[in-house]
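Residue numbers (the numbering used here): 22 to 235. Think of the CB as a built atom: it goes at the ideal place given N, C-alpha and C, for glycine as much as any other residue. Only a predicted model underlies this, so the values are computations on that prediction, with no experimental measurement involved.
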Amino acid sequence: MYSGRVNDTDTQSRGGHRWFAAVYDRLQSRAERGPMGRARRELLAGVRGDVLEIGAGTGANFEHYPAEARVVALEPDPHMLKRARARLEALQRTNIEIRLAPAETLPVEDASFDIVVSTLVLCTVSDPAQALAEIRRVLRPGGRLLFIEHVRGTGVLARFHDLIRPAWSWVSAGCQINRTTEQAMRDAGFDVTIEQRTKAMPILPVIIGTASPR
Ligand SMILES: C[S@@+](CC[C@H](N)C(=O)[O-])C[C@H]1O[C@@H](n2cnc3c(N)ncnc32)[C@H](O)[C@@H]1O
């Protein structure tokens, strides 16, 4: 298990989204039985060493971590965190620990993780540039960010995303549908490799891949 210090930052919680947390697994269930579940499995199958997951939500990734990985999963929403803890208990996985913390202030030491995992999180964090700077800080030399993120479309779809962003954010607990996350990763000093471009829904382009600090 990660041997450094992890501060439990309960005081940084901003109340969370009780109802979104309550319906999240049901909203996702079809995708999880199909392409999303497959994408998680493929992304995480080979991870080893010290792994930090940001915005773990209800813990949808937990079952996909190999036993060899030592995982610290962070989540800032207490309602999500409660569900993640229940899932972890049901799975009886001892190689995963969960803490309350946002991605913008990771409560861990510099250069202390081999892998950071972000799935459907960089669309929602308050400050993606700060979160990415934190991810860079905590990765060891040679470490990588593994991601599955939905991103702003192109052409007409991009303009549609801009238009619906406020309403989408309201119903999706702050998710910004028009984030240009691939560019944000490059701007934050990562080399980005996209393994797959796919769609979560017809209107939701998704990028799956890895990013390594330059
Ligand atoms: C769409 S959910 C994705 C949950 C999970 N990663 C998954 O793949 O199912 C977005 C998650 O990001 C979390 N989140 C919101 N703001 C955050 C922040 N500033 N730092 C880290 N996570 C955040 C939310 O609480 C929520 O759990």
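With a cut-off of 6 Å, the C-beta of S147 is classified as near ligand 1, since at least one heavy atom of the ligand falls inside that distance.
Inter-segment contact for the segment 139-157 and the segment 103-116 is absent: fewer than three beta-carbon pairs are separated by less than 8 Å.
Inclusion of L141 in the 6 Å shell around ligand 1 follows from its C-beta lying nearer than that to a non-hydrogen atom of the ligand. Bridge partners of Q217 according to DSSP: I229. By the C-beta density criterion, I215 is exposed, having fewer than 16 other C-beta atoms within 10 angstroms. Counting the other CB atoms within 10 Å of its CB gives V192 a total below 16, which places it among the exposed residues. Residue nearest to C196 within the set E84, H85, I185 and M206 is I185 (criterion: CA-CA distance).
Taking a contact to require three or more Cβ pairs closer than 8 Å, the segment 94-112 and the segment 167-174 do not qualify as touching.
For F83, there is no enclosing beta strand (DSSP E), since its DSSP letter is neither H nor E. Ranked by Cα distance from I229, the first of R180, G80, V138 and E96 is V138.
Shown here for G78: same chain residues with a beta carbon closer than 6 Å to its own, the five before and five after excluded, namely M101 in chain order. Around A188, the same chain offers no residue with a beta carbon nearer than 7 Å, after the five sequence neighbours per side are excluded. With respect to the C-alpha of L127, the residue from W40, V93, G36 and D208 having the closest C-alpha is V93. Around the CB of V177, fewer than 16 other CB atoms lie within 10 Å, so the residue is classed as exposed.
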